[in-house]
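Scroll down for the structure; my scribbles are underneath it.
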Amino acid sequence: MKDQEGRCQKETIFVQGIQGFFSKVGDAVCYAPWTFIIVSTAFSCALSAIIPFREMENNISDFTPYQARSRQELQIYESFFSDRGEPKVVYAFIRPKDGENLLTIEALNQTIQVMDKINYDFYLKTSKGKENYQEFCRGFCLINEPVRNFAKGFFLNNGSLSGSSHVDLGYPVTVVLGRKLYMDPNFFGVKIAIPSKNSEKEEIVEVAEATKDINNSPQISNNIRHLGLIVLQFRAEIGDEIDPEALKEYEMEIARYFHKVEYSSISVHVLTDNLITTEIVRAGLTLLPFLGIGFLIMTIFTTTTFWISARSLGQWNKYKILIALTACILPFMACGTTMGAMFLFGFRFGSILCVTPFLVLAISVDDGFLVMNSWQRICHHRRKHNAKREDIDEDLRSRMREMLIETGPSVTITSLTNALAFGIGALTPTPEIQLFSIGNALAVTFDYIYQLTIFTALMAVVGRWELENERKSLKFVDYETQHSTSESSSSTTGTKKIVKVYCKVLTDRYTIMSLIFLLAVYWYISISGTLKIKPELDPQRLFLEKSDMQFIFNARKVFIAPNYATCWVLINNPGDIRNSTNRRKLRELVDEFEALPSALGKYSTKFFLRDYEEFLQQADEAEFEEESMALKTQDDLGKFLAWPEFSFWKGFLQTANSSNGLVIDRFFFITAFHGAELVDWSKRAELLNVWRGVADRHPSLNITVYEDDARFLDLIETMIPTTWQSALLTLICMFFVTLLFISDPPTLFVATFSILSTCVGVFGLVSWWGADLDPILMSATVMSIGFAVDIPAHISYHYFQTSKQFPSVIHRLEHTISAVGFPILQASVSTILCVLSLFLVDLHMSQTFAKTLFLVVFLGAIHGLIVMPVLFNLISWVPRRKGKVFIAEENNTTIATRHIS
Numbered sequence: 001m002k003d004q005e006g007r008c009q010k011e012t013i014f015v016q017g018i019q020g021f022f023s024k025v026g027d028a029v030c031y032a033p034w035t036f037i038i039v040s041t042a043f044s045c046a047l048s049a050i051i052p053f054r055e056m057e058n059n060i061s062d063f064t065p066y067q068a069r070s071r072q073e074l075q076i077y078e079s080f081f082s083d084r085g086e087p088k089v090v091y092a093f094i095r096p097k098d099g100e101n102l103l104t105i106e107a108l109n110q111t112i113q114v115m116d117k118i119n120y121d122f123y124l125k126t127s128k129g130k131e132n133y134q135e136f137c138r139g140f141c142l143i144n145e146p147v148r149n150f151a152k153g154f155f156l157n158n159g160s161l162s163g164s165s166h167v168d169l170g171y172p173v174t175v176v177l178g179r180k181l182y183m184d185p186n187f188f189g190v191k192i193a194i195p196s197k198n199s200e201k202e203e204i205v206e207v208a209e210a211t212k213d214i215n216n217s218p219q220i221s222n223n224i225r226h227l228g229l230i231v232l233q234f235r236a237e238i239g240d241e242i243d244p245e246a247l248k249e250y251e252m253e254i255a256r257y258f259h260k261v262e263y264s265s266i267s268v269h270v271l272t273d274n275l276i277t278t279e280i281v282r283a284g285l286t287l288l289p290f291l292g293i294g295f296l297i298m299t300i301f302t303t304t305t306f307w308i309s310a311r312s313l314g315q316w317n318k319y320k321i322l323i324a325l326t327a328c329i330l331p332f333m334a335c336g337t338t339m340g341a342m343f344l345f346g347f348r349f350g351s352i353l354c355v356t357p358f359l360v361l362a363i364s365v366d367d368g369f370l371v372m373n374s375w376q377r378i379c380h381h382r383r384k385h386n387a388k389r390e391d392i393d394e395d396l397r398s399r400m401r402e403m404l405i406e407t408g409p410s411v412t413i414t415s416l417t418n419a420l421a422f423g424i425g426a427l428t429p430t431p432e433i434q435l436f437s438i439g440n441a442l443a444v445t446f447d448y449i450y451q452l453t454i455f456t457a458l459m460a461v462v463g464r465w466e467l468e469n470e471r472k473s474l475k476f477v478d479y480e481t482q483h484s485t486s487e488s489s490s491s492t493t494g495t496k497k498i499v500k501v502y503c504k505v506l507t508d509r510y511t512i513m514s515l516i517f518l519l520a521v522y523w524y525i526s527i528s529g530t531l532k533i534k535p536e537l538d539p540q541r542l543f544l545e546k547s548d549m550q551f552i553f554n555a556r557k558v559f560i561a562p563n564y565a566t567c568w569v570l571i572n573n574p575g576d577i578r579n580s581t582n583r584r585k586l587r588e589l590v591d592e593f594e595a596l597p598s599a600l601g602k603y604s605t606k607f608f609l610r611d612y613e614e615f616l617q618q619a620d621e622a623e624f625e626e627e628s629m630a631l632k633t634q635d636d637l638g639k640f641l642a643w644p645e646f647s648f649w650k651g652f653l654q655t656a657n658s659s660n661g662l663v664i665d666r667f668f669f670i671t672a673f674h675g676a677e678l679v680d681w682s683k684r685a686e687l688l689n690v691w692r693g694v695a696d697r698h699p700s701l702n703i704t705v706y707e708d709d710a711r712f713l714d715l716i717e718t719m720i721p722t723t724w725q726s727a728l729l730t731l732i733c734m735f736f737v738t739l740l741f742i743s744d745p746p747t748l749f750v751a752t753f754s755i756l757s758t759c760v761g762v763f764g765l766v767s768w769w770g771a772d773l774d775p776i777l778m779s780a781t782v783m784s785i786g787f788a789v790d791i792p793a794h795i796s797y798h799y800f801q802t803s804k805q806f807p808s809v810i811h812r813l814e815h816t817i818s819a820v821g822f823p824i825l826q827a828s829v830s831t832i833l834c835v836l837s838l839f840l841v842d843l844h845m846s847q848t849f850a851k852t853l854f855l856v857v858f859l860g861a862i863h864g865l866i867v868m869p870v871l872f873n874l875i876s877w878v879p880r881r882k883g884k885v886f887i888a889e890e891n892n893t894t895i896a897t898r899h900i901s
């Protein structure tokens, strides 16, 4: 007996305090259960009522870290157009309907119809009234005119690509009636004819394969042979006087029209910022119907397993259905309270929050299983052993206190670790992950509160009814009651035998050796998968598979990204271009960009200075030396921009009036790059940093590089360090939280090892499952660490508690498995069943969370029910010093050897 007492582990001060707290909670909910239920429900309903009045909001920049360089670049880009308004663009992606070639009269004619439709037939509400694009456009109104003129030339040739004295249908330069047009900003998927190196015949190649020929050799007349994609751009600067809702309606009207209209030869898909946001929101909303499926699955499973466990102990009654239903409703109440509170304090309604109810449903119902199983075991024990019957009120308080003291710390540790894991996720620099983490941390916290104020209070109400029936059954014991009692006793005995055999198998030496081998293989596979995971970003994953966005991003991936990756270079301090030194600096800068390995070269560069100098030469019908050109006044700039052929350069320049005419304050040029590897966003991120490196080498010009997708690309290089830092910090915090509840070093070691092993398995196996590291997986990673604590926490805490009653490991394992084994199985199976509904949603976000949840629950259950018992037994073989005595355990035997000094 003394040996047993010496071996009992002392409760931590924190656990002693929290047990005192739960004792008070048990008394309180028994005293006024309906007060807790009504007040908590009213509070939840009041905050949940805010949700219908808040629209879901999403923005591409939500995935950009706060300190990302792209945020500053975007501000500078927008400020470039600030005197005209905020830059906005509508893209129309046009593909041949047969998937072949757009170089047909019908296809080009319908393309011009699309252009005219958007130019003239859609109206935006402005301060001047309703205006079409050509009326409210300022700087880039003629950006699509090369397409119109190319089509006219094609029509003049009657759809032929043969030579003509007036028309040269070429790429990158087309000439129509003497007017030179640059086609590369609009034409993609182009194949051209170049002189064959081995014969006099021409050779047809992709443009990317002919970059050197295009830049260094004369262009063959009418060299274009194939056209796979036309992109029309409708760029405008929208002032503050235009209502954002009016702009959204304008963009969505265009998108809706072309979504419905059918052309015989082309397919048209529209891309706008507001359409992207709408499609992201639509994708998030598709999760909501599956919440009902998850709730239904969880309710049926919970009710069924409650019936099985209650029936085996002779405690089934109709009120168990109400308790099961409440266990499944509480997560939704917690989520409603959370979202209402967040919206009240100004947080936006992001689509990623649609995942939160699934996560909280899994966490909350797990706790319900644990609490219900504890209550039934306590009632069974009291009925079997308590000869003295107390007053019902006192008996109820006693049982509630015992239940909460037994399960409260275990529920607290899982809720605390989950909330803490999400809390650490809120420290990441990415707004979308912050929103997700804050929402989940609050939802887990509110769910924990409702577990105490609603679920426990309802248990007290039902418990009182059960005690009253229990008293009646003691007075009137009939055959049916005896039969039920005998049946429950037989069932309990059978369960004990199963648990005993199970624990005996786990403590067998061959089982232990086999498990060690399997763990080694598991760790090898998991670590290999973890190390091979790569950061990758694909905006297509934000949309449903049937969304128009999939077509657009596929077209970008196939035709644009590997062939024409555009770089905007904004020169914020160009200096006086009348100065030859300043002009030389600008030319050297452009030459440096064009000399980069993946640059398309001079033909893709839209640099006004080249046309301007050519204009000056043509104006005087003579060639000027550079010093003579420096004598020209800036008044020539006004004449240059007034010339129809060069008027489009107005959109590239920010000018101001001076005594000598127009002067340039700022300007930008565009150049393009290519490479098959640019279909990978990580490679595009590397290229973006190369561009920034070139810009940084010219500080006097104050250069800003802008790329449309930089807000995504900047996230890639931060994903691995951010994920590792968050994971490591979370694991450290999990250790210290566990330390608050468990003071025994071996038990703490086994719990920590199991948590770490589960996390490594989730990271590695989800990588082998085909996942890349993106913002969604980052969020799921943070979540999985919190979930990985749940089952090891329950097992280790109950195992730690058994040291007060049992001297040997096998007895402690039997008691632990009996206490929490079935609830863990209930929780694991119910969570996996709930997760299955997420696999039904054709959305990357839901698929990623489903995979991660499945793995963390499955691996957690394996570790909790198999690995941890084996490790507890294995550690017991190691002699431990107690004072001057080394103590070792082997199965049921306690071996003590005297320490010899």
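Position one of the sequence shown corresponds to residue 1 (full-length UniProt numbering), numbered consecutively onward. A virtual CB, placed ideally from N, CA and C, is assigned to each residue, including glycine. This one's a predicted model, so the numbers in the text were calculated from it and none came from an experiment.
Secondary structure of residue i, DSSP reduced to three states
i                 : result
aspartate 367     : helix
glycine 821       : helix
glycine 26        : helix
threonine 781     : helix
phenylalanine 122 : coil
alanine 896       : With a pLDDT of only 41 at alanine 896, under 50, the local geometry of the prediction cannot be trusted, and no value is derived from it.
valine 261        : coil
serine 743        : coil
valine 841        : coil
tyrosine 91       : strand
methionine 56     : strand
asparagine 216    : helix
lysine 197        : coil
glutamate 100     : coil
arginine 383      : helix
asparagine 109    : helix
threonine 671     : strand
histidine 698     : coil
histidine 166     : coil
isoleucine 242    : coil
asparagine 222    : coil
aspartate 774     : coil
For residue j and residue i, believed in contact at Cβ under 8 Å, the rounded distance
i              : j              : result
methionine 252 : asparagine 223 : Incorrect: roughly 40 Å between the Cβ atoms, too far for contact.
asparagine 418 : isoleucine 352 : In fact, because the Cβ distance is near 17 Å, the residues do not count as touching under 8 Å.
leucine 506    : asparagine 873 : 7 Å
isoleucine 742 : serine 796     : 6 Å
cysteine 834   : isoleucine 297 : 6 Å
alanine 421    : methionine 783 : 7 Å
alanine 255    : threonine 272  : 7 Å
threonine 852  : valine 737     : That pair is no contact at about 21 Å.
Candidates the options, of which the one nearest residue i by Cα
i              : options                           : result
residue 929    : Val679, Gly26, Met783 and Leu836  : This structure leaves residue 929 out entirely; the chain is present only between 1 and 901.
leucine 653    : Thr41, Ala46, Ser82 and Lys472    : Ser82
glutamine 451  : Thr356, Arg382, Ala324 and Thr428 : Ala324
leucine 688    : Val705, Asp696, Ala49 and Thr802  : Val705
leucine 537    : Leu47, Trp34 and Ile60            : Ile60
isoleucine 866 : Asp366, Ser514 and Cys733         : Ser514
residue 921    : Asp708, Ile105, Pro699 and Gly638 : Residue 921 is absent from the structure shown; the chain starts at 1 and stops at 901.
8 Å Cβ cutoff, residue i in contact with chain D
i              : result
isoleucine 755 : No chain D appears in this structure, which consists of one protein chain only.
Pairing CB atoms from the segment 560-579 with CB atoms from the segment 283-297, are three or more of them under 8 Å? no
Continuous beta strand (DSSP E) assignments of at least 3 residues falling wholly in the segment 510-583: 565-571
Completely contained alpha helix (DSSP H) runs for the segment 413-482, where each covers 4 or more residues: DSSP runs (the alpha helix (DSSP H)) wholly in the segment 413-482: 431-450 and 456-475.
Using a Cβ distance threshold of 8 Å, determine whether the segment 824-831 contacts the segment 853-872, with at least three qualifying pairs required. A contact exists between the segment 824-831 and the segment 853-872.
Counting only runs of 4+ residues fully inside the segment 706-742, write out the alpha helix (DSSP H) ranges in chain order. The segment 706-742 contains these whole alpha helix (DSSP H) runs: 710-741.
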